[in-house]
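Asker: Sharing a structure here in structure tokens format.
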Amino acid sequence: MRILRVIRIIRLVRVLRLIGELRTIVICIAGSLRSLMWTVVLLVLVIYITGVYLTSTVSDYRQPTDGQMQQEEEPLAQYFGTLFRSCLTLYQAVSGGISWDIA
Numbered sequence: 001m002r003i004l005r006v007i008r009i010i011r012l013v014r015v016l017r018l019i020g021e022l023r024t025i026v027i028c029i030a031g032s033l034r035s036l037m038w039t040v041v042l043l044v045l046v047i048y049i050t051g052v053y054l055t056s057t058v059s060d061y062r063q064p065t066d067g068q069m070q071q072e073e074e075p076l077a078q079y080f081g082t083l084f085r086s087c088l089t090l091y092q093a094v095s096g097g098i099s100w101d102i103a
């Protein structure tokens with residue numbers, strides 16, 4: 001019986017030690033969330049500013065001369081026609097959702 005109690009105590013000590021390491025990991029992850037938040041804010045800001053610039057540039061370039069869009073302008077309208085589409089295209093290009101050759 002004593003041997004079983006000793007084995008139980010040893011198992012309990014091992015589990016408590018692992019929980020302590022788990023607590024350390026959770027604390028470190030929680031501490032890094034502030035930096036992650038500011039990184040995401042900076043990324044969104046850069047994508048937004050670049051999206052505004054690209055949308056403005058594409059809309060100036062696409063001014064219809066005869067009321068119809070040229071065939072080479074269709075991809076521009078598809079990827080950069082609106083601010084939302086420009087930001088989405090930029091996000092996809094950065095995150096690997098779309099090839100840089102296409103956009």
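Numbering follows full-length UniProt numbering, in which position 63 of the sequence shown is assigned residue number 63; successive positions increment by one, without gaps.
Just so it is clear, CB atoms sit at the ideal spot from N, CA and C, and this is done for glycine as well.
Since the structure is predicted, the reported quantities are computational estimates derived from the model, not experimental observations.
Would Thr39 count as contacting chain C if we go by Cβ distances under 8 angstroms?
Answerer: Reference to chain C is not applicable here, since this structure consists of a single protein chain.
Asker: Under DSSP, the alpha helix (DSSP H) around Ser95 begins and ends at which residues?
Answerer: Leu83 to Ser95 is the span of the alpha helix (DSSP H), which, as asked, contains Ser95.
Asker: Assign Gly51 to one of two classes, buried (16 or more other C-beta atoms within 10 Å of its C-beta) or exposed (fewer than that).
Answerer: It is buried - the Cβ of Gly51 has at least 16 other Cβ atoms within 10 Å.
Asker: Within 8 angstroms, do at least three Cβ pairs link the region 31-39 to the region 71-89?
Answerer: Short answer: they don't touch.
Asker: Give me, in chain order, the residues of the same chain whose beta-carbon lies closer than 7 angstroms to that of Phe84; leave out the 5 immediate sequence neighbours on both sides.
Answerer: Excluding residues within five positions, none has a Cβ falling inside 7 angstroms.
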